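Whatever position you read off the sequence shown (first residue = 1), add 14 for the numbering used here. Cβ coordinates follow ideal geometry from the N, Cα and C atoms, glycine included. Because the structure is a prediction, the values reported are computed rather than measured. Right, one structure below, let's go through it.
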Amino acid sequence: MKGYVIFVDALDEGFPKMALQMCTKILKKSPESQIHQALSSLSLVRIGNYEKALEISENLRKKLPIDEDVLNVLQIVFQELNMADNAVEMFENALKKKSNDEEFVRNWFFSMVRTNNIRGQQKAAMSLQKIFGKRNYYYWAVMSLELLKMIRMNEGEKEFFQTLSYRLILKTIEENNKLYGLSSSEELHLCIKVLLSCNKLEDALGVLESDIYKTFIDVDFLRIKLDLLFELKKWEVLFSQCRDYIENGNNDWKVFDMQIKAAINLAESNPSSSILLDLANYYKEKKQKFPYLRNLGLASLKLSFLISDNGITDDKLNSCIEYFEIFSLKTSCFEDLRPFVEKLEKKYQDQFLMHIFEFCKAKVNDMKKNYIEVLKNVKKFEYLINYNEFKDEETCVVFSLQLVKEYGNSLFLDDNLNITDKQYGDDFLILSVHVLINAFFIGNDQSYLIQAILFLELGLLHSKYNFQFKLLLVRLYCMIGAFSLALSTYQSLSIKQIQYDTLSYIFMTKCSNYYPSKSLQNELRISKYIYISNIKEVPEMLVLAYKNGSYSNIDNFIEFATRLNNSIWRHMLRHELLHLSYLIDNKISDEIIGNNGFTQEEYYDNRDFTIMVDFGTINDKSKQIKNRVISVPDENWLKIQNFKMSFVNLLISGTIEDIKAKSMSDEWLLDGLKFDTLSEFEMEMMFLFKTFLSFLIQVADQKAYDIEENRLKEWIEKNLVISLTNVSNYNDNVLEYFVFLLESCKSILIFGSFIKKSFKTLRKLHAEIKKIEEVVRNFYKDIILYVSSLKDKIVIADFTKFVVLFEPNLQLFKIDKHFIETRLEKINDSRRNSLDNLDNIVFNMKT
15 MKGYVIFVDA
25 LDEGFPKMAL
35 QMCTKILKKS
45 PESQIHQALS
55 SLSLVRIGNY
65 EKALEISENL
75 RKKLPIDEDV
85 LNVLQIVFQE
95 LNMADNAVEM
105 FENALKKKSN
115 DEEFVRNWFF
125 SMVRTNNIRG
135 QQKAAMSLQK
145 IFGKRNYYYW
155 AVMSLELLKM
165 IRMNEGEKEF
175 FQTLSYRLIL
185 KTIEENNKLY
195 GLSSSEELHL
205 CIKVLLSCNK
215 LEDALGVLES
225 DIYKTFIDVD
235 FLRIKLDLLF
245 ELKKWEVLFS
255 QCRDYIENGN
265 NDWKVFDMQI
275 KAAINLAESN
285 PSSSILLDLA
295 NYYKEKKQKF
305 PYLRNLGLAS
315 LKLSFLISDN
325 GITDDKLNSC
335 IEYFEIFSLK
345 TSCFEDLRPF
355 VEKLEKKYQD
365 QFLMHIFEFC
375 KAKVNDMKKN
385 YIEVLKNVKK
395 FEYLINYNEF
405 KDEETCVVFS
415 LQLVKEYGNS
425 LFLDDNLNIT
435 DKQYGDDFLI
445 LSVHVLINAF
455 FIGNDQSYLI
465 QAILFLELGL
475 LHSKYNFQFK
485 LLLVRLYCMI
495 GAFSLALSTY
505 QSLSIKQIQY
515 DTLSYIFMTK
525 CSNYYPSKSL
535 QNELRISKYI
545 YISNIKEVPE
555 MLVLAYKNGS
565 YSNIDNFIEF
575 ATRLNNSIWR
585 HMLRHELLHL
595 SYLIDNKISD
605 EIIGNNGFTQ
615 EEYYDNRDFT
625 IMVDFGTIND
635 KSKQIKNRVI
645 SVPDENWLKI
655 QNFKMSFVNL
665 LISGTIEDIK
675 AKSMSDEWLL
685 DGLKFDTLSE
695 FEMEMMFLFK
705 TFLSFLIQVA
715 DQKAYDIEEN
725 RLKEWIEKNL
735 VISLTNVSNY
745 NDNVLEYFVF
755 LLESCKSILI
765 FGSFIKKSFK
775 TLRKLHAEIK
785 KIEEVVRNFY
795 KDIILYVSSL
805 KDKIVIADFT
815 KFVVLFEPNL
825 QLFKIDKHFI
835 ETRLEKINDS
845 RRNSLDNLDN
855 IVFNMKT
């Protein structure tokens, strides 16, 4: 494709119209150019003109092309048109003319790999093996057969290919098979994978216990072996081998976990056995020799809870205390112990807390850093165990200030910290913020959120790269309607690659409902690049994996590409861009997500809802802010929004016939969808668009039309009212409210234009629509005036209370009053900026 890089780049960068124009220009001079016919067909697919693309590609296929560039482009076209079998047939026809051309068959194979055409890949691999018989082709054929399990097929096909792959892999473990015998850990991985797929567990275990296995060192094989012993219920062997591994210094949690599971099953089969107690004693003996082995300690802790279920609670409590005393200097101590402490009865939790308080007091004269580490874990457990006692604002504030004081005392303990290092007491500050968030939910006083923001900004002053501080700040700035600060903080996270899919939701979820800005639009576009690079890079990674014989990576690469390509967040980002383009560009700039071989019907949710630390109970209100677990947009939400944006697009550039046809399609079928992830304003907007749809469909029926017209007027009377009276707690809901009102005005006016364009002879209808438009335009003017008047009302006018809060500790924190005042002024500026950006919505609305 070297000669056609400019076309490929234009397509990859999302400019199919440009690529089509270039192809059309060349085809006028050289109409028989097959490569430009193929490229024009691909361009048409990317534009969405599937019929014309299919016509060109089918005509070209019938000419039996043999040029590899042409074949590769057509293969992509057929893949995106869900006609992958046509691509396979096309290559098979070309093979008849180039049957002895090894390079051609290899390129056929890699072309199928790049588009994840597994059936085509398997046929190409078998052709390579059959014609040229090389060792690597043999393993490519086995791997391709193994991948067939990923696609749908009938039971007969499944059994046939499974039997074939089993027969092929058996040859690799024959003693004297020098050509195909296993010679690397990667080939062994593939061998075990096939045996497991064929449910030949005993065979797989036999391979892992043979001399072949001993020649390859790979920790994954040990874990697979333990899993096989577990699946085959070989409890005594499993228990014995785990013990051997532990005796030989293996500290893998998998080994301890499997040993405990084996012991449980052995005890169940022989109730009189003392194996569980014996194992507990064995762990105690090992801990005396190796007290700081974390997995050994966790195994002993887990086992103590299992054997104490007969009511000997002291063992559970003592085990928790013992673990804390040994590992209290570790950051992992809280997360390790938490699930066990939560299982204790409340009275024993209190005893645990009392004990660790005393333990911490005894450490007060130790090295300051060590004392801080212990105290952090103590405070986390205090918050967890006493969570239900934080029922009033005062209790929360007192505890929060205690934590901030401890944070101040922990600062500057080490002059040798790097700029990228965190301060030792950062967790005190995070916990303090969580407590303030709960105080906000109790009293609905936004000053607690402002206070939390100031604490986090203080933290960033001394720990510039603390990821947790920034994540919390992003969410809190969003909550108080300071979106430009939320955006700049989000950008300072410098997230890269896959993190755009897993983390960007923290700022960008429903962002177009609150902050209709060009800067947000640019950030959304940047977030999309991971999906483009995924489709570029993963196919080449797969090709490289085959060339290098890295068979254990192939499944992972395919899964990665599939999960990313079908990410629900990718489609949500697409909606946010569509919504913004409608609000601020007055058009719908759509992106066609085609079938590239990694496309599936289901969505994958890759968002990481555990990225932010959590110290509270399951009912901790701060989780609502940290992880957005309340009304998280899902597949239902996405389908509902897709209906809305598709409808808007047709109102702008479609016809009444288009709308009626679309209303009958599954794409607009909303029955059975859950609406619980919609906000109050999204629900009202959806009702408005459903009223639009009913109105258009019922226009010919005067009686039905009158009903729908009345519904529209009732909706306007109910919703186009400025009902906001209290702006003291100005927040993101206020912004969503104004975006909703302005978008409603915009949508009703566009609907009116569509009515007048589509029903030119219905004068009475035109007259009614003009009345509605007049009401909407007048209301729009009222909104603009009201928003303008708000800009001075939403600011934090009195800085004194926040300065007083910090004043006793200014020297401790190494800040002055200017630090507090500057950040409060930035919040005020950002809030005004959020209101200023509402002006973007009204572009082209005045006429």
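Review point. Using a Cβ-Cβ cut-off of 6 Å (strictly less than) and excluding sequence neighbours within five positions of Ala138, which residues of its own chain qualify?
Key: As a working mapping, residue 138 is identified with position 124 in the sequence shown. These residues qualify, in order along the chain: Trp122, Phe123, Met126.
Touching or not, the segment 832-842 and the segment 492-500, by the rule of three or more beta carbon pairs under 8 Å?
-> yes
Among Phe483, Trp583, Ala466, which one has its Cα closest to the Cα of Asp515? Working through the sequence shown from its first residue, we reach residue 515 at position 501. Of Phe483, Trp583, Ala466, the residue nearest in Cα terms is Trp583.
Helix, strand or coil, according to DSSP, for Ser566 in the structure here? What you label residue 566 is simply residue 552 of the sequence shown in a count that begins at 1. The answer is helix: DSSP assigns Ser566 an H, G or I state.
Check: Just the Cα atoms here: how many angstroms apart are Thr691 and Phe701?
Finding: Sequence index remark: in the sequence shown, residue 691 carries index 677 (1-based). Sequence index remark: in the sequence shown, residue 701 carries index 687 (1-based). Looking at the two C-alpha atoms, the distance is approximately 15 Å.
* To the nearest angstrom, report how far apart Ile278 and Ile289 are at their CA atoms. => Here the question's residue 278 lines up with position 264 in the sequence shown. Here the question's residue 289 lines up with position 275 in the sequence shown. Ile278 and Ile289: Cα-Cα distance of roughly 8 Å.
Practice task
Identify which residue in Thr229, Asp225, Asn663, Cys205 has its Cα closest to the Cα of Ala218.
Solution key: One-based indexing of the sequence shown puts residue 218 at position 204. Comparing Cα-Cα distances from Ala218 to each of Thr229, Asp225, Asn663, Cys205, the minimum goes to Cys205.
Item to complete: Kindly list the residues whose CB is nearer than 8 Å to the CB of Asn745, restricted to its own chain and excluding five residues on each side of it in sequence; keep chain order.
Response: In the sequence shown, counting from the first residue as 1, residue 745 sits at position 731. Excluding residues within five positions, the ones whose Cβ falls inside 8 Å are Gln460, Met493, Ile494, Gly495.
In the structure shown, what three-state DSSP assignment does Tyr751 receive?
-> Sequence index remark: in the sequence shown, residue 751 carries index 737 (1-based). Residue state, collapsed to three classes: helix.
| request: Just tell me which of Leu687, Ser660, Ser158, Lys39 has its CA closest to the CA of Arg133. | output: If you number the sequence shown from 1, residue 133 lands on position 119. Nearest of Leu687, Ser660, Ser158, Lys39 to Arg133, Cα basis: Ser158.
Only counting the same chain, and skipping five residues up and downstream in sequence, which positions put a Cβ closer than 8 Å to that of Leu293? As a working note, residue 293 is residue 279 in the sequence shown. Closer than 8 Å at the Cβ level, and outside the excluded window around Leu293, lie Gln273, Ile274, Ala277, Leu317.
**Item:** 8 Å contact criterion, which Leu556 and Phe574 should meet: CB distance rounded
**Value:** As a first step, residue 556 is located in the sequence shown; it is residue number 542 there, counting from the start. As a first step, residue 574 is located in the sequence shown; it is residue number 560 there, counting from the start. About 10 Å; that fails the 8 Å criterion.
| field | Contact set for Thr327: own chain, Cβ-Cβ below 8 Å, skip 5 residues either direction | value | Within the sequence shown, numbered from 1, the residue matching residue 327 stands at position 313. Below a pLDDT of 50, predicted positions are generally treated as unreliable, and Thr327, at 48, falls in that range; no measurement from the model is reported.
Item checked: Where the alpha helix (DSSP H) containing Ile672 begins and where it ends -> Here residue 672 refers to the residue found at position 658 when the sequence shown is read from its first residue. Looking at the sequence itself, residue 672 is Asp, so the reference to Ile does not match. Its alpha helix (DSSP H) spans residues 670-677.
Would DSSP call Tyr794 helix, strand or coil?
Sequence index remark: in the sequence shown, residue 794 carries index 780 (1-based). Reduced to three states, the DSSP call for Tyr794 is helix.
**Asked** Using 8 Å as the threshold, is the segment 585-605 in touch with the segment 659-673, meaning 3 or more CB pairs across them?
**Response** yes
Q) Would DSSP call Tyr194 helix, strand or coil? A) As a first step, residue 194 must be located in the sequence shown, where it is residue number 180. Here Tyr194 sits in coil by DSSP.
Practice item. Measuring alpha carbon to alpha carbon, tell me which of Gly263, Asp241, Val856 ends up nearest Asp271. Key: Here residue 271 refers to the residue found at position 257 when the sequence shown is read from its first residue. Here the closest residue by C-alpha is Asp241.
* To do: Taking only the alpha-carbon atoms, compute the straight-line gap between Leu470 and Leu819 and give it to the nearest angstrom.
  => One-based indexing of the sequence shown puts residue 470 at position 456. One-based indexing of the sequence shown puts residue 819 at position 805. Near 14 Å, if we compare the C-alpha coordinates of Leu819 and Leu470.
Notebook entry, point to check: Fully enclosed by the segment 396-479, which alpha helix (DSSP H) runs are 4 residues long or longer?
Noted result: 407-424, 440-457, 461-476
Exercise. Give the C-beta separation of Leu310 and Tyr296 to the nearest angstrom, bearing in mind that I take them to be a contact with Cβ-Cβ under 8 Å.
Key: To locate residue 310, count along the sequence shown from 1; it is residue 296. To locate residue 296, count along the sequence shown from 1; it is residue 282. That belief does not hold up - the Cβ atoms of Leu310 and Tyr296 are roughly 10 Å apart, past 8 Å.
Determine which residues share a DSSP beta bridge with Ser581 and list them. One-based indexing of the sequence shown puts residue 581 at position 567. Answer is Tyr618, bridged to Ser581.
query = Out of Asn733, Glu722, Arg845, Val817, which has the shortest C-alpha to C-alpha gap to His832?
reply = As a first step, residue 832 must be located in the sequence shown, where it is residue number 818. Comparing Cα positions, the closest option is Val817.
Given this structure, state the Cα-to-Cα distance separating Asp429 from Lys805, to the nearest angstrom. For the purposes of this step, residue 429 is taken as the residue at position 415 of the sequence shown. For the purposes of this step, residue 805 is taken as the residue at position 791 of the sequence shown. The alpha-carbon atoms of Asp429 and Lys805 are separated by roughly 44 Å.
Same chain, Cβ closer than 7 Å to Phe244, five either side skipped, listed in chain order | For the purposes of this step, residue 244 is identified with residue 230 of the sequence shown, where counting begins at 1. Excluding residues within five positions, the ones whose Cβ falls inside 7 Å are Leu252, Met272, Lys275.
Query raised in the report: If you drop the 5 nearest sequence neighbours on each side, which residues of the same chain put their C-beta closer than 8 Å to that of Thr705?
Result: In the sequence shown, counting from the first residue as 1, residue 705 sits at position 691. Cβ within range, chain order: Glu722, Arg725, Leu726, Trp729.
Q) Do Glu200 and Gly563 have their C-beta atoms closer together than 8 Å? A) Walking along the sequence shown from the start, residue 200 turns up at place 186. Walking along the sequence shown from the start, residue 563 turns up at place 549. Yes, Cβ-Cβ distance for Glu200 and Gly563 is below 8 Å.
Check your understanding: On the three-state DSSP scale, how would you describe Ser547?
Key -> Residue 547 sits at position 533 when you count from the first residue of the sequence shown. Three-state result, Ser547: helix.
| request: Identify which residue in Thr345, Asp350, Glu339 has its Cα closest to the Cα of His369. | output: Position 355 of the sequence shown holds residue 369. Among Thr345, Asp350, Glu339, the Cα nearest to that of His369 belongs to Glu339.
Can you have a look at Thr576 and say buried or exposed, based on whether 16 or more other CB atoms are within 10 angstroms of its CB? Position 562 of the sequence shown holds residue 576. Buried, because 16 or more other Cβ atoms sit within 10 Å of the Cβ of Thr576.
Less than 7 Å between C-beta atoms, sequence neighbours within five positions excluded: which residues of the same chain meet that for His593?
As a first step, residue 593 must be located in the sequence shown, where it is residue number 579. If we look at His593 and ignore the five residues flanking it on each side, its Cβ neighbours are Ser526, Met659.
* Got a sec, what are the start and stop residues for the alpha helix (DSSP H) Ala811 sits in? -> Taking the first residue of the sequence shown as 1, we reach residue 811 at position 797. Element bounds for Ala811: n/a, residue is neither H nor E.
### Segment contact, 8 Å Cβ cut-off, at least three pairs: the segment 225-232 with the segment 167-181
no
Assess contact between the segment 70-82 and the segment 37-45, defined as three or more Cβ pairs (one per stretch) separated by less than 8 Å. Is contact present?
no
Round the Cβ separation of Gln505 and Ile544 to the nearest angstrom and send it over; I've been treating them as touching at under 8 Å. As a position in the sequence shown, residue 505 is number 491, starting the count at 1. As a position in the sequence shown, residue 544 is number 530, starting the count at 1. Their Cβ separation, rounded to whole angstroms, is 16 Å, which puts Gln505 and Ile544 out of contact at 8 Å.
Worksheet item: From this set, Glu554, Phe657, Val753, which residue's C-alpha is nearest Leu10's C-alpha?
Response: Within the shown structure, residues of the chain are numbered from 15 to 861, placing residue 10 beyond reach of any answer.
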